[in-house]
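In the working numbering, the protein residues as written are 6 to 192. See structure below.
Structure, rendered in structure tokens:
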């Protein structure tokens, strides 16, 4: 099946430059950018982080939408060829899903299907948490494991995967004709 879409997954640690890199990519697109954010201002520190992100987008270029839980529906709502969709971030979305005690496997399946069927340019940002030590508690281990699974599933269908390290983008996977021939139309 032929699609005019481009899916980019941007991974990295905290304060690695993921969001600003994603915003720069979105602004280079040929369509107006939409910023779907999953963070909730539940405390002063998170409120401050959200405000910093909003300051970078204070002009009229961006449309914004909050989707702490219903991310698949938000992507579907903006999925037209006339928008570049930036999602920031998948790791907070997964944390929200777990806190709401939803069926995590079903939510992951749903979001991966929505992403795979997206016809727009889609930029997905997420924190990479699987590079450190094994967490002590079950909840933290579960989060790390589910997030790793989510990243693998999205990376498999993404056209581009970038790992941000100290503000520098490292290309993990790049769309090319050769890789398209090998990968085919994965679902």
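Even glycine gets a Cβ: it sits at the ideal position worked out from N, Cα and C. Only a predicted model underlies this, so the values are computations on that prediction, with no experimental measurement involved.
Whole-number beta carbon distance between residue j and residue i, since they are thought to touch under 8 Å
{"i": "residue 91", "j": "residue 38", "result": "6 Å"}
{"i": "residue 170", "j": "residue 25", "result": "Wrong, their Cβ atoms sit about 14 Å apart, outside the cutoff."}
{"i": "residue 163", "j": "residue 13", "result": "6 Å"}
Beta-carbon gap between residue i and residue j smaller than 7 Å
{"i": "residue 125", "j": "residue 88", "result": "yes"}
{"i": "residue 152", "j": "residue 96", "result": "yes"}
{"i": "residue 93", "j": "residue 130", "result": "yes"}
{"i": "residue 18", "j": "residue 128", "result": "no"}
{"i": "residue 45", "j": "residue 73", "result": "yes"}
Cα-Cα separation, residue i to residue j
{"i": "residue 154", "j": "residue 135", "result": "10 Å"}
{"i": "residue 172", "j": "residue 23", "result": "8 Å"}
{"i": "residue 191", "j": "residue 66", "result": "Reliability of the predicted coordinates at residue 191 is poor, the pLDDT of 44 falling under 50, and the value obtained from them is presented with this limitation in mind. Each residue's Cα considered, the two are about 34 Å apart."}
{"i": "residue 160", "j": "residue 179", "result": "11 Å"}
{"i": "residue 166", "j": "residue 177", "result": "5 Å"}
{"i": "residue 106", "j": "residue 145", "result": "14 Å"}
{"i": "residue 110", "j": "residue 80", "result": "19 Å"}
{"i": "residue 43", "j": "residue 71", "result": "6 Å"}
{"i": "residue 122", "j": "residue 86", "result": "13 Å"}
{"i": "residue 102", "j": "residue 113", "result": "10 Å"}
{"i": "residue 147", "j": "residue 52", "result": "26 Å"}
{"i": "residue 15", "j": "residue 142", "result": "27 Å"}
{"i": "residue 175", "j": "residue 168", "result": "5 Å"}
{"i": "residue 100", "j": "residue 34", "result": "29 Å"}
{"i": "residue 120", "j": "residue 108", "result": "18 Å"}
{"i": "residue 149", "j": "residue 49", "result": "25 Å"}
{"i": "residue 64", "j": "residue 56", "result": "14 Å"}
{"i": "residue 137", "j": "residue 82", "result": "36 Å"}
{"i": "residue 11", "j": "residue 98", "result": "21 Å"}
Closer than 7 Å to chain B by CB, residue i
{"i": "residue 134", "result": "Among the protein chains of the structure shown there is no chain B, as only one such chain exists."}
Neighbourhood of residue i by C-beta distance below 6 Å, restricted to the same chain and skipping five residues each side
{"i": "residue 40", "result": "67, 69 and 91"}
{"i": "residue 132", "result": "96"}
Sequence-distant residues of its chain with Cβ nearer than 7 Å to residue i (five each side left out)
{"i": "residue 116", "result": "76 and 77"}
{"i": "residue 31", "result": "38, 89, 91 and 128"}
{"i": "residue 140", "result": "146 and 149"}
Cut-off 8 Å between Cβ atoms - residues of its own chain near residue i, not counting five sequence neighbours on either side
{"i": "residue 36", "result": "86, 87, 88, 89, 125 and 126"}
{"i": "residue 158", "result": "113 and 117"}
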